[in-house]
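Visitor: The opening residue of the sequence shown carries number 1 in my numbering; numbering runs sequentially from there.
Note that CB positions come from ideal geometry on N, CA and C, so glycine has one too.
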Amino acid sequence: MTSETHLSGTARACAAQFATARAVRFDGSSEDLRLVAALSRAVLGDGGEVALYVGDEALAAYWLRLDPALDAAVEYVLGDAPGETFEGRVVLAPEDLPATVGTVLLASAGWRPVAAMRRRLPAGLRAVCLADLPSLAPGAIPPYAWVPRPHSIYPFAVPEITFKPGQDLILLDVPARSLAQLPVGFAYVHDALARDGGVKFQTVDADIVIYHRYHADRILDGLLEVHTATGRRMPDEPWDPSGYLLWKEPDVLDLFEEDIRALVDGLVVARPRILGCSLQEVNIEFMKRVVGRVKAALPELIVVGGGMSCLQPGAARIVFPLADYIVVGEADLTMPRLIRRLLAGERVVGMPGVWSRDDPADRLFEDGELPADLDGLGHPRYEWTDIGLYRCFNDYRLAPVVGSRGCSWARCRFCAERFHWRPRDPVKVADDLEFFSKAGFGGMVFNESDFHGDVGIIDTLCDEILRRGIKAHYTVQLRCNRQADAAYYRKLRQAGFGTLRFGIDACSEHTLRLQNKGYTVATLEKSLRLATEAGLFTEVNIVIGVPGETEEDIDASIDLLVRCKPCIGRIAFINPLMLFRGSDYWNRPEKYGIVFHEDRDSLCGRYPVALPNGAWHSENPFIDEGVRYKRFLRMVKSLREAGFDMTAWVDFTIDKVEEMARRIDRTPEEQALAAGRMRAGEAYRGFRVSPVDGGFAAARLGSGGLPLPAAIQARTAQAVRRAVDLQHAIAAGQTLAAFRSNDTLVGFSTDGLELRVDRVAIPGETPKGFFVKLVETYKDYNICGFDGLYYAVPRSLGPVNLTQAAHRRREGILAALSLSQAREFVDAEN
Numbered sequence: 001m002t003s004e005t006h007l008s009g010t011a012r013a014c015a016a017q018f019a020t021a022r023a024v025r026f027d028g029s030s031e032d033l034r035l036v037a038a039l040s041r042a043v044l045g046d047g048g049e050v051a052l053y054v055g056d057e058a059l060a061a062y063w064l065r066l067d068p069a070l071d072a073a074v075e076y077v078l079g080d081a082p083g084e085t086f087e088g089r090v091v092l093a094p095e096d097l098p099a100t101v102g103t104v105l106l107a108s109a110g111w112r113p114v115a116a117m118r119r120r121l122p123a124g125l126r127a128v129c130l131a132d133l134p135s136l137a138p139g140a141i142p143p144y145a146w147v148p149r150p151h152s153i154y155p156f157a158v159p160e161i162t163f164k165p166g167q168d169l170i171l172l173d174v175p176a177r178s179l180a181q182l183p184v185g186f187a188y189v190h191d192a193l194a195r196d197g198g199v200k201f202q203t204v205d206a207d208i209v210i211y212h213r214y215h216a217d218r219i220l221d222g223l224l225e226v227h228t229a230t231g232r233r234m235p236d237e238p239w240d241p242s243g244y245l246l247w248k249e250p251d252v253l254d255l256f257e258e259d260i261r262a263l264v265d266g267l268v269v270a271r272p273r274i275l276g277c278s279l280q281e282v283n284i285e286f287m288k289r290v291v292g293r294v295k296a297a298l299p300e301l302i303v304v305g306g307g308m309s310c311l312q313p314g315a316a317r318i319v320f321p322l323a324d325y326i327v328v329g330e331a332d333l334t335m336p337r338l339i340r341r342l343l344a345g346e347r348v349v350g351m352p353g354v355w356s357r358d359d360p361a362d363r364l365f366e367d368g369e370l371p372a373d374l375d376g377l378g379h380p381r382y383e384w385t386d387i388g389l390y391r392c393f394n395d396y397r398l399a400p401v402v403g404s405r406g407c408s409w410a411r412c413r414f415c416a417e418r419f420h421w422r423p424r425d426p427v428k429v430a431d432d433l434e435f436f437s438k439a440g441f442g443g444m445v446f447n448e449s450d451f452h453g454d455v456g457i458i459d460t461l462c463d464e465i466l467r468r469g470i471k472a473h474y475t476v477q478l479r480c481n482r483q484a485d486a487a488y489y490r491k492l493r494q495a496g497f498g499t500l501r502f503g504i505d506a507c508s509e510h511t512l513r514l515q516n517k518g519y520t521v522a523t524l525e526k527s528l529r530l531a532t533e534a535g536l537f538t539e540v541n542i543v544i545g546v547p548g549e550t551e552e553d554i555d556a557s558i559d560l561l562v563r564c565k566p567c568i569g570r571i572a573f574i575n576p577l578m579l580f581r582g583s584d585y586w587n588r589p590e591k592y593g594i595v596f597h598e599d600r601d602s603l604c605g606r607y608p609v610a611l612p613n614g615a616w617h618s619e620n621p622f623i624d625e626g627v628r629y630k631r632f633l634r635m636v637k638s639l640r641e642a643g644f645d646m647t648a649w650v651d652f653t654i655d656k657v658e659e660m661a662r663r664i665d666r667t668p669e670e671q672a673l674a675a676g677r678m679r680a681g682e683a684y685r686g687f688r689v690s691p692v693d694g695g696f697a698a699a700r701l702g703s704g705g706l707p708l709p710a711a712i713q714a715r716t717a718q719a720v721r722r723a724v725d726l727q728h729a730i731a732a733g734q735t736l737a738a739f740r741s742n743d744t745l746v747g748f749s750t751d752g753l754e755l756r757v758d759r760v761a762i763p764g765e766t767p768k769g770f771f772v773k774l775v776e777t778y779k780d781y782n783i784c785g786f787d788g789l790y791y792a793v794p795r796s797l798g799p800v801n802l803t804q805a806a807h808r809r810r811e812g813i814l815a816a817l818s819l820s821q822a823r824e825f826v827d828a829e830n
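Right under this line is the structure:
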């Protein structure tokens with residue numbers, strides 16, 4: 001909870017707030033004594049009996065112990081456990097508070113608990129809390145409880161999440177979507193069910209409520225930083241797309257345990273017949289925690305899933321094992337039909353567009369019917385929720401708009417969203433833009449793969465926007481279109497289109513053909529130039545490492561981008577190629593020389609959306625994860641040196657790629673720690689490792705039926721000549737193979753049954769440098785971060801250079817996967 005004042009000094013005065021969460025230190029200090037004495041005077045000076053409302057038991061008990069006068073004055077204790085005792089007093093429910101009580105002291109430092117406590121008290125009753133101190137006794141507030149106040153929309157009354165009993169179906173979405181955007185796909189499903197009729201259902205967007213709870217707590221309680229139980233510092237905006245991996249981490253989900261319990265308890269009490277779950281990659285772990293507990297309490301509950309993670313049939317079948325049914329792809333027509341059959345008591349098997357738990361393992365999936373007339377579906381108006389909630393903590397608002405579905409090209413080989421294109425009537429789309437504009441959304445983003453698949457449709461849309469005088473800023477993603485001329489881009493600018501994100505993806509003539517983009521470098525350059533000359537802000541997406549790509553392609557791509565820099569406002573996305581389900585690369589790997597490092601069916605069963613970068617490589621030329629990472633880092637280094645602006649997503653991707661590039665070049669012990677011991681016959685970075693004559697040999701995957709020794713001898717002459725450089729590093733082993741891997745020579749040898757991998761830098765080439773960071777001093781250890789791991793180094797060892805593998809192996813140094821694990825290892829040693 002906060003109260004605003006101003007901080008001043010040598011710097012310019014700035015807005016500040018009283019951070020109640022920082023006010024009490026529980027150390028018996030003079031600051032704590034002064035603060036509690038001020039609260040005591042405030043509640044005792046008004047006459048009448050005094051009650052203590054316990055929201056935080058530790059805080060309430062501390063206050064009573066610290067101020068005997070307050071302890072003596074408290075006649076009654078209120079709380080959520082009536083009949084129990086607290087500090088020698090029987091706890092009462094707030095509604096049982098005697099009328100003789102004049103003042104209630106609210107014992108909680110959080111704004112939200114205090115707000116809930118106030119709502120439960122009788123109207124007109126005086127309540128005092130920490131947040132009242134700036135007006136009651138500002139001098140009692142310690143200096144460290146004042147913090148800068150960020151710009152925000154808070155406070156406002158964040159609604160409770162409630163579930164109606166007696167529903168046939170409850171549709172549920174949970175964190176985390178992108179920022180505080182409206183859930184457009186989720187809303188389309190609501191509208192489909194409402195239009196169909198006959199189903200008693202409730203739609204609950206828990207994500208937006210939990211979003212505001214999190215940020216209101218963070219800002220109003222004055223938390224400069226939020227940390228998980230393991231010490232992880234949360235970003236200021238965990239809902240930003242660049243933070244999507246956070247939502248897979250158990251310690252991050254633990255932060256929301258109170259919200260998860262509330263969802264579970266509410267659903268169990270409501271007892272719907274069917275629970276419909278909106279699934280996308282970021283929210284699946286959160287949804288598992290909710291659905292798993294609800295299903296345990298209500299075993300008869302039918303769980304139906306669908307959403308962005310269910311677009312591809314293969315992925316949909318395995319992405320959410322807790323579901324009894326999964327609707328694949330667009331659910332507008334399929335979902336109502338499925339729900340009607342389930343409510344009729346039918347055990348649904350083999351339904352087009354749906355996976356059933358009871359489907360046979362060898363079922364041949366049949367797609368569901370797609371809506372041909374998108375205008376017949378309308379566009380969501382979100383009458384089932386409060387549309388005013390959909391704004392970020394800093395009041396940023398962005399409404400998603402659907403002008404078409406699918407992609408007009410749908411032939412890019414890396415893309416998994418190659419669906420049938422269906423545009424809407426541009427007049428109907430203008431209706432949507434006008435609706436959102438009147439609802440207060442100044443920014444809108446078109447959620448589609450190719451905004452101008454038909455420039456004639458967009459030209460009509462612009463005319464309609466200008467005719468109606470709709471004022472907004474529109475962001476779109478689109479391809480380079482030969483039909484788009486200078487007049488077209490000028491009209492876009494006049495109509496309010498401000499940001500165009502071009503999915504150029506490839507930047508050389510060769511890679512444009514490899515990716516099957518359907519246009520040339522000349523078209524790409526012309527599109528960027530015409531858009532920029534029209535006053536539009538341009539962004540670009542780039543994909544690195546596709547099969548067939550060469551180093552010369554990277555050189556040509558860098559040259560093209562630097563040449564076009566005056567016409568590129570920002571690099572929006574740049575990624576090493578990912579092998580997504582549904583892409584042409586996935587469906588026809590043999591055509592593109594893609595080799596899987598283990599059985600493909602096994603990989604598909606474990607990875608529903610995309611394969612790990614190290615699980616495959618492509619041939620002719622050889623491109624594995626190391627090559628992709630190296631090319632990616634070379635390109636972003638060049639683009640940074642050229643002064644390109646990049647999004648937070650690009651910065652996040654660079655950090656992840658640098659981390660993964662370091663990880664694949666770890667020492668053997670670190671490799672074993674992070675990924676488990678390698679066993680004979682395993683694939684490793686494009687090579688098959690097998691036992692030979694008591695040792696190990698490595699042969700490139702796809703090298704044919706050559707015996708392993710012959711396959712080894714078939715290494716390049718350069719690698720064979722330089723293998724002698726490994727002798728000083730692996731003299732004690734039984735080396736049977738050495739080969740070049742990027743900027744490293746790798747030698748395989750044996751140490752008992754364990755495979756040891758020794759690496760030395762190739763002479764004349766500089767290995768990539770790493771940095772050691774001191775994380776904290778814990779007991780008698782310095783805990784340092786290096787190369788994605790944590791090392792607890794006894795201080796008694798003196799100076800240690802963790803960049804050297806020999807130093808990292810010194811006796812007494814403990815390696816761990818996380819900071820919390822490093823602390824556990826230190827505790828075990830003491």
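Of the residues S152, I141, E95, R22, which one's Cα is nearest the Cα of A123?
Guide: Within the sequence shown, residue 123 is the residue found at index 123, counting from 1. Residue E95 holds the alpha-carbon nearest to the alpha-carbon of A123 among S152, I141, E95, R22.
Visitor: Under 8 Å, do S583 and C415 count as touching if we go by C-beta distance?
Guide: For this step, residue 583 is matched to residue 583 along the sequence shown. For this step, residue 415 is matched to residue 415 along the sequence shown. Cβ distance < 8 Å, so S583 and C415 count as in contact.
Visitor: Skipping 5 residues on each side, what residues in its chain have a beta carbon closer than 8 Å to that of T85?
Guide: As a first step, residue 85 must be located in the sequence shown, where it is residue number 85. For T85, same chain residues with a beta-carbon under 8 Å away, outside a window of 5 residues either side, are V91 in chain order.
Visitor: Closest by CA to I219, which one among I153, I170, D375, R482?
Guide: Sequence index remark: in the sequence shown, residue 219 carries index 219 (1-based). Comparing Cα-Cα distances from I219 to each of I153, I170, D375, R482, the minimum goes to I153.
Visitor: Between which residues of its own chain and P150 is the CB-CB distance below 7 Å, once the five residues before and five after are set aside?
Guide: Here the question's residue 150 lines up with position 150 in the sequence shown. Within the same chain, P150 has close Cβ partners I219.
Visitor: Taking the Cβ atom as the reference point for each residue, do E75 and E49 lie within a distance shorter than 8 Å?
Guide: Within the sequence shown, numbered from 1, the residue matching residue 75 stands at position 75. Within the sequence shown, numbered from 1, the residue matching residue 49 stands at position 49. In contact: E75 and E49 (Cβ atoms closer than 8 Å).
Visitor: Is S818 helix, strand or coil when you go by DSSP?
Guide: The residue labelled residue 818 in the question sits at position 818 within the sequence shown. Correct three-state label for S818: coil.
Visitor: In the DSSP assignment, what residue or residues form a beta bridge with V401?
Guide: On the sequence shown, residue 401 is found 401 positions in, with the first residue counted as 1. In DSSP, V401 forms a bridge with F446.
Visitor: Expressed to the nearest angstrom, what Euclidean distance is found between the alpha-carbon atoms of D431 and R120?
Guide: As a first step, residue 431 must be located in the sequence shown, where it is residue number 431. As a first step, residue 120 must be located in the sequence shown, where it is residue number 120. Their Cα atoms are separated by approximately 43 Å.
Visitor: Where does W384 fall in DSSP's three states?
Guide: The residue given as residue 384 occupies position 384 in the sequence shown. Reduced to three states, the DSSP call for W384 is coil.
Visitor: Taking V402 as the reference, which of V319, A506, L182 has the closest Cα?
Guide: Position 402 of the sequence shown, counted from the first residue, corresponds to residue 402. The candidate whose alpha carbon is nearest that of V402 is L182.
Visitor: Between R422 and L478, how many whole angstroms is the CB-CB distance? I'm expecting something under 8 Å.
Guide: Reading the sequence shown from its first residue, position 422 is the one you call residue 422. Reading the sequence shown from its first residue, position 478 is the one you call residue 478. So it is not a contact: roughly 17 Å between Cβ atoms.
Visitor: Could you tell me which residues DSSP pairs with M646 in its beta bridges?
Guide: Here the question's residue 646 lines up with position 646 in the sequence shown. I571.
Visitor: Checking the sheet assignment: what are the DSSP bridge partners for E776?
Guide: Counting from 1 along the sequence shown, the entry for residue 776 is found at position 776. Residue pairing by DSSP puts E776 in a beta bridge opposite I783.
Visitor: On a CA-only basis, which of R273, L245, K200 is nearest W649? Give me that one, please.
Guide: Indexing the sequence shown from 1 puts residue 649 at position 649. Closest in alpha carbon position to W649, among R273, L245, K200, is L245.
Visitor: Looking at V77 and L52, is the spacing between their C-beta atoms short of 8 Å?
Guide: Counted from its first residue, the sequence shown places residue 52 at position 52. Counted from its first residue, the sequence shown places residue 77 at position 77. Contact: yes.
Visitor: For L171 versus G276, is the C-beta spacing smaller than 8 Å?
Guide: Residue 171 sits at position 171 when you count from the first residue of the sequence shown. Residue 276 sits at position 276 when you count from the first residue of the sequence shown. A contact, by the Cβ cut-off of 8 Å.
Visitor: Smallest Cα separation from M646: which of G350, G605, I571?
Guide: In the sequence shown, residue 646 corresponds to position 646, counting from 1. Comparing Cα-Cα distances from M646 to each of G350, G605, I571, the minimum goes to I571.
Visitor: Please determine whether the Cβ atom of E525 lies at a distance below 7 Å from any heavy atom of the ligand GDP.
Guide: The model on display carries no ligand, and the ligand GDP is accordingly not part of it.
Visitor: Whose C-alpha, out of A192, G79, I141, T228, is nearest the C-alpha of L819?
Guide: Within the sequence shown, numbered from 1, the residue matching residue 819 stands at position 819. Comparing Cα-Cα distances from L819 to each of A192, G79, I141, T228, the minimum goes to T228.
Visitor: Rounding to the nearest angstrom, what Cα-Cα distance links Y790 and L267 in this structure?
Guide: Mapped onto the sequence shown, residue 790 falls at position 790. Mapped onto the sequence shown, residue 267 falls at position 267. Rounded to the nearest angstrom, the two C-alpha atoms are 41 Å apart.
Visitor: Reducing DSSP to helix, strand and coil, say where C840 ends up.
Guide: A question about residue 840 goes unanswered here, because the residues of the chain that appear run from 1 up to 830.
Visitor: Grab the span of the beta strand (DSSP E) containing L478 for me, first residue to last.
Guide: Start at 1 with the first residue of the sequence shown, and residue 478 comes out as number 478. Counting along the chain, the beta strand (DSSP E) containing L478 begins and ends at 473–478.
Visitor: Using CA atoms only, rank isn't needed, just tell me which of A145, K248, R823, S449 is closest to K779.
Guide: Along the sequence shown, read from residue 1 onward, the residue named residue 779 stands at position 779. With distances taken between Cα atoms, K779 lies closest to R823.
Visitor: With a floor of 4 residues, list each alpha helix (DSSP H) that falls wholly inside the stretch 583–636, ordered by position along the chain.
Guide: 584–587, 600–606
Visitor: Taking the C-alpha atoms as reference points, what is the distance between V826 and A816?
Guide: Against the sequence shown, residue 826 aligns to sequence position 826. Against the sequence shown, residue 816 aligns to sequence position 816. Each residue's CA atom was taken as its position, placing V826 and A816 some 10 Å apart.
Visitor: Run through DSSP, which three-state label would G102 get?
Guide: Within the sequence shown, the letter at position 102 stands for residue 102. Strand at G102.
Visitor: Taking 8 Å as the cut-off, decide whether the C-beta atoms of Y474 and G496 are in contact.
Guide: Counting from one through the sequence shown, the residue named residue 474 turns up at place 474. Counting from one through the sequence shown, the residue named residue 496 turns up at place 496. In contact: Y474 and G496 (Cβ atoms closer than 8 Å).
Visitor: Between the Cα of K99 and the Cα atoms of L125, R563, R118, which residue gives the shortest distance?
Guide: Here residue 99 is taken as the residue at index 99 of the sequence shown, counted from 1. Here residue 99 turns out to be Ala, not Lys, going by the sequence shown. Taking only the C-alpha atoms, the option nearest A99 is L125.
Visitor: Can you tell me whether DSSP reads P138 as helix, strand or coil?
Guide: Here residue 138 refers to the residue found at position 138 when the sequence shown is read from its first residue. In the structure shown, P138 sits in a helix (DSSP, three-state: H, G or I).
Visitor: What does the Cβ neighbour count give for G456, buried or exposed, with the cut at 16 atoms within 10 Å?
Guide: The residue labelled residue 456 in the question sits at position 456 within the sequence shown. Classification of G456: exposed, given that the 10 Å Cβ count is below 16.
Visitor: For F537, tell me which candidate among S309, V476, R273 has the shortest Cα-Cα distance.
Guide: As a working mapping, residue 537 is identified with position 537 in the sequence shown. F537 has its Cα closest to that of V476, out of S309, V476, R273.
Visitor: By how many angstroms is the C-alpha of D191 removed from the C-alpha of D332?
Guide: Position 332 of the sequence shown, counted from the first residue, corresponds to residue 332. Position 191 of the sequence shown, counted from the first residue, corresponds to residue 191. Near 8 Å, if we compare the C-alpha coordinates of D191 and D332.
Visitor: Ignore the nearest five residues each way along the sequence and tell me which others in R631's own chain have a CB closer than 7 Å to its CB.
Guide: Position 631 of the sequence shown, counting from 1, holds the residue named residue 631. Answer for R631: I544, G545, I554, listed in chain order.
Visitor: Return the residue from the list L66, M578, A61 that minimises the CA-CA distance to R89.
Guide: Looking up residue 89 in the sequence shown gives position 89. Selected option, being the one with the closest Cα: A61.
Visitor: From the DSSP output, which residues share a beta bridge with L52?
Guide: Here residue 52 is taken as the residue at index 52 of the sequence shown, counted from 1. Per DSSP, V77, L105.
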